[in-house]
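Residue numbers (my numbering), protein chains in the order written: chain A, 2 to 963; chain B, 889 to 1279.
So the structure is just underneath, and the comments pick up after that.
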């Protein structure tokens, strides 16, 4: 850092002793302040002798006050040289213990120092020694000392022109100690104010000096506040520091990663320049423990500094600071007031202001922007505070207290790396810290996760098949995996089993522990490594099987999971116990089913079930039967599917596997619905949902509710259908299950064509937005635009236009021709609105939807939609509505602006209304245009005059949804 | 003219903004009376005016004795500084000593004081009367008594009283003596940041002794003055970078137009390369108001609280309604419009009004018939009133 051999930590505190070259080299971020002080120097020079501009440099400790003083000293020397006149510059030492109790000693000391500047001697060393105080003589001694100083100034500046500058650091401390008597401070003020003054004072202070109205020095200075370094300034400094050995032209700027780290350090230190100097070394290290070591060393070295910063604070401020650190940061003022049992936030407001002014704390808006949250600015300070106050966690694990730093300093990937490094080095606590950091802010847990929750039974099976005893009892493994997976990972890593199955078991348990730590990719790597290293076929099977479960449930990589299972199931080693072989067959069956090869899947599942039954593994049997039921359902063999699913449910109940029961019931419900046995389907689906809720499987619950909703809709119980569908949506959304949210949204929007539900429309719209934003995975999800008419119908029924309009706005370019937009659902919805809510509602519905259908028609590429859609809407409406008045009203809406077809449709409606009101409809019809009459007859089911009544046209069957 | 910015002290020369009307008014008031008292809010320019008066006296070769009473804690110290300040040519020292009896116990002490040596206090205090009379007689015999200017005179009184609250007898004697000196021809200009009326009330001094001194208030700069002030301070250094828009925004943000406030604002903003006017709001909010305006608000709060300590009922029944009336009136408030609550006389009202003037809350102007019209002393006081929500 400088050319002195003194260690960097110590150097930072010795600004007065640094050479001019060192000062200039490291000068960063204080240009503005230095300029302002030099402006005051220039003004004072112009006024001297006279009223000189005294300056006060404020700032918390470590902010560079001494540094600025040195910069001013250097620049003043340059100014003096340029102007060819001396400007004696006295930089008093940081502490002035020799002045204790003797205010007059200050001008006397300055006089000595000026004399030394002139003579080159060191008279002030002994000459300014402490003298025993005599308060009665102080006034006289003061006058004498001032005279002595004037004499020295005369000698230095014999022409009477020019001035001297004195820098007094820790001026607030000096005032509070030496000048605390008011008379003494008055004399000081008088001295600073005197006519023909030739001595400019530059004072530095942490606390206030001239803000007390009652004190003589009130507003006696031009004050210059040192602000914290901005992150950019810190980076400039770090750049300089890291390039300290190079010439300017050879300097290498920080790369992006290094700059990110620099910003993390900058944030951590709260812009404190002293800490920036001390922590610059950290940038050159990657190892978190040595960072922690540096923090501890810093906290030790800065103990005095931090103690004084605390002492500088008034007692209430100290108390609040303590509450903030102990109780947790960040905290709002209201919360903090509550924490300390103050009356309210206004009680602590002034003290908080003081803490902010001292830059001990800073406020940032909360994420919702309503409150300001406060935290301690200097994170090293917090670290120090926790250590000193005996915070056990801080003492045990140094990393725990510098979490903020680690959070920002390391990227997520690096945090995961650090976690693995610590695990490998046998430091599970540290590993856990990093693993937790890497997981912060991540996606919420999906609830039931087969990889995690099914591990217990798998472990039992593994243990049975394994020749060597596990290093930890199974119960403890399962318990610790929940609470302290890092400990399990650590212990398993140290286990060196001999046999291949045991080694596979080790890898499997380790992978499970790593997954619990949020290190899924690392878990996969662990399994993959073992797959490569362990050639044993049984081990291979186990590892591929487990890897498939990991990939499917955690990484959500279906394709790779299926590949793993296919590999696992390809050649099932006979030496595996029966229950494991049954698992293998089942995994093969699953893979076949996923590939759509249901006949084969069915056969394999049945085989797996038999094998499991032989092995007495009831759970395995239940799962195999369930897989068979699934394939039967896919094959449309619903009666068999129902029977098999119920069998699977019974077996699952026997095995005490609630989740498995839920799945089996759900499959039964699906097939019941497919057979039109909706009442039974509803009951079964609801039972499945309850079981799934018990098991904590949110996805399964969502699925079951949706089945119930579908059957309810089929039975015309639309209110209930809507309720279940919305519940299904909410559940699916809570675990970010895109597919299930879609299907739930579809069922909901179907129901909403019957029952007014702005919520259903909102739900559908949210699904649309999500689908449009994120790319679809390898699953083929249907295009939401297929349900455009249902969406329109729902909007019509609820008369809720805002969401529909937003979608039309946002995706207008994605709405080309849709021949499926027949319009009948919309028309039926208008009629339902009338039936449920009356004529005005129906009119409103029609008035709202028709222009929007027109807008849809205006979408690029949408020729000819309007005509067909319009007639479809009108026909469906007219069929279901018998209110002649309303029919006429709606005819009035069908103006040419709606399309070429509109007037014709209007005319049809008017005719229909006439017929509805006529005492003798047939007579009217007879006089009408035959095509129109035909239309009316069909709508009103009126027979031809000389022919047998027609059968009403079959309504199209409701579309099935999975 | 270029106005050199300076913050913190009394200023002169190119650091002082000329206020000819105010300056002339002060000189006139001094000339036409026994003296002037300027007790009031700190940092509003009293000392600068005081300095102006001294310069004018010196230029006109009229004798003036000036000293700063900050730091003085005893009558002996005051007399010592007074003697030290007397102009040599006036020979008042010698004459005063001439009127002290040779065998008087204070003779030596006074001689020592006159020569600048400080002696033990106790020795002299019992014999003030003699010292005062000596000075009075010397003044009466002098063809041209000097103008006595004492800065921070009220601070000296406070120092004395805080050291020894029973010492009010001494203070009363001093004040009475000073009145006699004025009668003998020594005009006085006394300034101080502490209101004497409140001090008198608190320590039960006889404030009548200062009644013959004319109160003189230092108002804020007018808008025109402020603009001229800013122009003088910015035109040359900025070389055109400072515009009328800067000035308008500055005045808007500054709010309070005492010269010290204007200088503070200009120093924070920087006159050579000023930032855009849009930045002024932030600069004032962050760097000026918290370190200046707020201190004054706190001071007003303290002084207001102090009235309650003097007279709780008076604070509530008299002070608050008076402040409300004056602060909220669109124009000035005539004295007769100020209501007198039960139990309080016109004299009480006058005393409280004096306190309010001295503490910077209100001031008055007088018409030709000596009718007083009361107005808020400054925008600062008005802003404080608004913030205080006392009613």
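By construction, the Cβ of each residue, glycine as well, lies at the ideal position given by its N, Cα and C atoms.
Here the structure is a predicted model, which is why all the values come from computation and not from measurement.
Count the other CB atoms within 10 Å of the CB of residue i; is the residue buried (16 or more) or exposed (fewer)?
| i | result |
| --- | --- |
| residue 1017 of chain B | exposed |
| residue 249 of chain A | exposed |
| residue 764 of chain A | buried |
| residue 183 of chain A | buried |
| residue 271 of chain A | buried |
| residue 1033 of chain B | buried |
| residue 25 of chain A | exposed |
| residue 734 of chain A | buried |
Answer yes or no: does any C-beta atom of chain B fall closer than 8 Å to that of residue i?
| i | result |
| --- | --- |
| residue 217 of chain A | yes |
| residue 347 of chain A | no |
| residue 194 of chain A | yes |
| residue 187 of chain A | yes |
| residue 201 of chain A | no |
| residue 375 of chain A | no |
| residue 702 of chain A | no |
| residue 214 of chain A | yes |
| residue 44 of chain A | yes |
| residue 183 of chain A | yes |
How about residue i: is its C-beta nearer than 8 Å to some C-beta of chain A?
| i | result |
| --- | --- |
| residue 893 of chain B | yes |
| residue 897 of chain B | yes |
| residue 1043 of chain B | yes |
| residue 959 of chain B | yes |
| residue 1246 of chain B | no |
| residue 930 of chain B | yes |
Check for me: the beta strand (DSSP E) holding residue i runs from which residue to which?
| i | result |
| --- | --- |
| residue 59 of chain A | 56-59 |
| residue 1038 of chain B | 1035-1039 |
| residue 925 of chain B | 923-927 |
| residue 1174 of chain B | Note, residue 1174 of chain B: premise wrong, no beta strand (DSSP E); not H, not E. |
| residue 954 of chain B | 952-956 |
Out of curiosity, what's the CA-to-CA distance linking residue i and residue j?
| i | j | result |
| --- | --- | --- |
| residue 223 of chain A | residue 75 of chain A | 21 Å |
| residue 842 of chain A | residue 439 of chain A | 54 Å |
| residue 901 of chain B | residue 1219 of chain B | 36 Å |
| residue 898 of chain B | residue 194 of chain A | 7 Å |
| residue 903 of chain A | residue 911 of chain A | 12 Å |
| residue 1207 of chain B | residue 1240 of chain B | 7 Å |
| residue 361 of chain A | residue 280 of chain A | 19 Å |
| residue 475 of chain A | residue 584 of chain A | 20 Å |
| residue 504 of chain A | residue 525 of chain A | 15 Å |
| residue 1169 of chain B | residue 803 of chain A | 41 Å |
| residue 1233 of chain B | residue 1265 of chain B | 24 Å |
From which residue to which residue does the alpha helix (DSSP H) around residue i run?
| i | result |
| --- | --- |
| residue 1264 of chain B | Careful: residue 1264 of chain B lies outside any alpha helix (DSSP H), inside the beta strand (DSSP E) at 1260-1264. |
| residue 381 of chain A | 380-389 |
| residue 914 of chain B | 908-919 |
| residue 1135 of chain B | 1132-1142 |
Consider the C-beta atom of residue i and the heavy atoms of the ligand ZN; say whether any pair is separated by less than 7 Å.
| i | result |
| --- | --- |
| residue 663 of chain A | This structure simply doesn't include the ligand ZN, nor any ligand for that matter. |
Next item on the list: Taking 8 Å as the threshold, find out whether the segment 943-951 of chain B comes into contact with the segment 1109-1123 of chain B through three or more Cβ pairs.
Entry: Fewer than three beta-carbon pairs drawn from the segment 943-951 of chain B and the segment 1109-1123 of chain B are found closer than 8 Å, and the two stretches are therefore not classed as touching.
Margin query: Tell me whether the segment 665-681 of chain A and the segment 633-644 of chain A touch, counting them as touching only if at least three CB pairs, one residue from each stretch, are closer than 8 Å.
Written below: Touching, yes, given that three or more Cβ pairs across the two stretches are closer than 8 Å.
Notebook entry, point to check: Would you say the segment 1038-1045 of chain B touches the segment 1077-1093 of chain B, given that touching needs at least three Cβ pairs under 8 Å?
Noted result: The segment 1038-1045 of chain B is in contact with the segment 1077-1093 of chain B.
Notebook entry, point to check: Below 8 Å, can you find three or more Cβ-Cβ pairs linking the segment 236-246 of chain A to the segment 256-268 of chain A?
Noted result: The segment 236-246 of chain A, when compared against the segment 256-268 of chain A, does touch it at the 8 Å Cβ threshold.
Margin query: Is it the case that the segment 1057-1074 of chain B contacts the segment 904-911 of chain B, given that we only count it when at least three CB pairs across the two stretches are under 8 Å?
Written below: In short, these stretches do not touch, since the Cβ pair count stays below three.
Next item on the list: Please determine if the segment 345-363 of chain A and the segment 316-329 of chain A are in contact, where contact requires at least 3 C-beta pairs separated by less than 8 Å.
Entry: Touching, per the Cβ criterion.
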